[in-house]
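Student: Numbers in our numbering are just positions in the sequence shown, counted from 1, shifted up by 23.
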Amino acid sequence: MASPSLRQSAQVKGKLSTTLKNWLPILQSNILEIEETINSYALENPLLNIQSQISTDFSSKFKKPNPNTPLKSAISDKIESLSIQEKGLYVILEEQITPPLFPTQISQEIALDIIDNINEEGYFDASSHDRATELGISQMEYEKIRLRFAFLEPRGVGSKDMYECLRFHLDACDEISDELYDIAAKIIKNLNSHTSFKKDPLYQEALTLIKSFQTPPALFYQEEDTCIIPDIFVLKEGNEISVSLNDDYYPQITIDTIKTEQNNSYLKSKIKEARDLIDALDMRKQTLRKIGLMIVEYQYDFFMGGEIKPMKLKDLADEFGHSPSTISRAISNKYLECNRGIFPVKNFFTTAIDGDTSNASIKDFINDLIKNENRNKPLSDLKILELIEEKFNIKMVRRTITKYRKQLNIASSSERKKNYAMSM
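So this is what it looks like as structure tokens:
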């Protein structure tokens, strides 16, 4: 006869396996799919009552944000602004093409042409030379009007790239000192080496100001279905970091207590299924919280302003006792919001190149090199390799650089040279 402890262990294992069967589909659903997943279970269980937490009236749902959860309030504000927004980006821009910024008919015609050539991210992606020629004016006159977009909403719209977007934001700041403006302008101009300005007494204030600028400029004017809802919040206050979950979108599950008073085997099995489902939803919350805590532990430097360090998916898989492929599916389409922005959870799992250097850091460096390269003499893969080895003090091979460049959708140096020549 089995001992009481063994019988209890078997019972726990049986309950856990049933819960796990429900847990994986619920965990793998993103935050907006949870309700649909749970409803699929409810269709087969008459005892389950599912109350949706996703209100169709976002404005009433987020009318009174909790000041103690700043990031949750921030994302709620974004959702609300997206859901009640009736006018698109281009309509909003056209309404701003009025005096005194655009006092004449020709200035307004140029401004409307600029709007026609702004992409969905808010960047101007045409050739100002070609557009000016088409309108029969000089490129200088066209550019003069485009630069006035620095004072339109959303801030940064009409800029050509991230760096100019940041300058547009800065130029629109009318309540900062000349000294702060100057150091912020220098940092933006030398963003890749901004730490060289650390000795300036206004360095930290300027960096905080720049981090508050929104890029891309039209992020919150994109289609509503592109709205990202984070599962995990990482809050930083001073040197303290805390992890919380975004539970506003979890449906409330209750069991019909009236029906449970009936004593028959069918209802007993449905009661057990309902409780297992509630346990599975709780497991999802516990799992995501644990993932958030592990990410903070491994990536503490990132949340304090540093770079993402190598972190293996296997570390997370071992912690939960599942295969890396299972955990990979589980964290897919999950997002984490912190003071530095919203990031896919998968972004925190990068492959180590050497020591504390990750492939994500290498790719970011390649991106920055290409953005700032001499357009008359684009960087070859071999030159990029030399710069990476010098920067990170590691040894790599050229074919790895070529692979990363292709993953970033960056053309070869010869193709980029042709594209630059065409745009000029």
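Glycine included, each C-beta is placed from N, C-alpha and C at the ideal position.
Just to confirm, are residue 452 and residue 238 a CB contact at a threshold of 8 Å?
Tutor: Beyond the ends of the chain as shown, which are 24 and 447, falls residue 452; an answer cannot be given.
Student: Per DSSP, what kind of secondary structure is residue 291 in: helix, strand or coil?
Tutor: helix
Student: For residue 114, count neighbouring C-beta atoms within 10 Å of its own C-beta (all shown protein chains included) and say buried if the count is 16 or more, exposed if not.
Tutor: exposed
Student: Go ahead and label residue 129 buried or exposed: buried means 16 or more other beta carbons lie within 10 angstroms of its beta carbon, across all protein chains shown.
Tutor: exposed
Student: Which one of 393, 294, 267, 290 has the shortest CA to CA distance from residue 276?
Tutor: 294
Student: Looking at the unbroken beta strand (DSSP E) that takes in residue 267, where does it start and where does it end?
Tutor: 263-268
Student: Using only CA atoms, which one of 224, 405, 46, 183 lies nearest to residue 428?
Tutor: 405
Student: Using beta-carbon positions only, say whether residue 199 and residue 220 come within less than 8 Å of one another.
Tutor: With respect to residue 220, residue 199 sits apart: the two C-beta atoms are not nearer than 8 Å.
Student: For residue 312 and residue 266, which I take to be in contact (beta-carbon distance under 8 Å), what is that distance rounded to the nearest angstrom?
Tutor: 6 Å
Student: When you compare the CB positions of residue 297 and residue 314, do they come within less than 8 Å of one another, or not?
Tutor: no
Student: Between the beta-carbon of residue 458 and the beta-carbon of residue 372, is there less than 8 Å?
Tutor: Lying outside 24 to 447, the shown extent of the chain, residue 458 is not represented and no answer is given.
Student: For residue 393, which residues in the same chain have their Cβ closer than 6 Å to its Cβ, ignoring the five residues on either side in sequence?
Tutor: 433
Student: With residue 186 and residue 225 assumed to form a contact (beta carbons below 8 Å), what rounded beta-carbon distance in angstroms separates them?
Tutor: About 20 Å; that fails the 8 Å criterion.
Student: Taking residue 241 as the reference, which of 272, 210, 141 has the closest Cα?
Tutor: 141
Student: Would you mind reading off the limits of the beta strand (DSSP E) that contains residue 276?
Tutor: Its beta strand (DSSP E) spans residues 275-278.
Student: Are the beta-carbon atoms of residue 159 and residue 236 separated by less than 8 Å?
Tutor: no
Student: Is residue 62 helix, strand or coil by DSSP?
Tutor: helix
Student: How far does the beta strand (DSSP E) with residue 360 in it extend, from its first residue to its last?
Tutor: 358-361
Student: For residue 252 versus residue 55, is the C-beta distance shorter than 8 Å?
Tutor: Yes, the pair counts as a contact, with Cβ atoms nearer than the cut-off.
Student: For residue 316, which residues in the same chain have their Cβ closer than 7 Å to its Cβ, ignoring the five residues on either side in sequence?
Tutor: 266
Student: What beta strand (DSSP E) runs, 3 residues minimum, are completely inside the region 359-447?
Tutor: 364-367, 375-377
Student: Would you check if the distance between the CB atom of residue 137 and the CB atom of residue 274 is smaller than 8 Å?
Tutor: no
Student: Assign residue 444 to buried or exposed, taking buried as 16 or more other Cβ atoms, counted over all protein chains shown, within 10 Å of its Cβ.
Tutor: exposed
Student: Whole angstroms is fine: what's the gap from residue 441's alpha carbon to residue 385's?
Tutor: Cα to Cα, residue 441 sits roughly 25 Å from residue 385.
Student: Should residue 417 go down as buried or exposed, given a rule of 16 or more other Cβ atoms within 10 Å for buried?
Tutor: exposed
Student: Which class does residue 86 belong to by DSSP, given the choice of helix, strand or coil?
Tutor: Caution is warranted here: a pLDDT of 34 is assigned to residue 86, below 50, making its placement in the model unreliable, and no coordinate value can be reported.
Student: If you measure between the beta carbons of residue 116 and residue 71, is that distance less than 8 Å?
Tutor: no
Student: Report the option in 191, 390, 69 whose CA atom is closest to the CA atom of residue 147.
Tutor: 191
Student: Classify residue 198 as helix, strand or coil using the three-state DSSP reduction.
Tutor: coil
Student: What residue range is occupied by the uninterrupted beta strand (DSSP E) comprising residue 257?
Tutor: For residue 257, the uninterrupted beta strand (DSSP E) run begins and ends at 255-260, by DSSP.
Student: Just to confirm, are residue 257 and residue 326 a CB contact at a threshold of 8 Å?
Tutor: Note that the C-beta distance between residue 257 and residue 326 is below 8 Å.
Student: When you compare only the Cα positions, how much space is there between residue 39 and residue 262?
Tutor: For residue 39, the pLDDT reaches just 47, beneath the cut-off of 50, and the residue's location in the model is therefore unreliable, although a value from the coordinates is still provided. Approximately 38 Å, taken between the alpha carbons.
Student: Under the assumption that residue 350 contacts residue 358 (Cβ atoms under 8 Å), give the Cβ distance between them as a whole number of angstroms.
Tutor: Actually they are not in contact, since the Cβ atoms of residue 350 and residue 358 sit about 16 Å apart, beyond 8 Å.
Student: By a C-beta neighbour count over all protein chains shown, 10 Å radius and 16 as the cutoff for buried, is residue 402 buried or exposed?
Tutor: buried
Student: In whole angstroms, what separates the C-alpha of residue 66 from that of residue 75?
Tutor: Residue 66 and residue 75 have their C-alpha atoms some 15 Å from each other.
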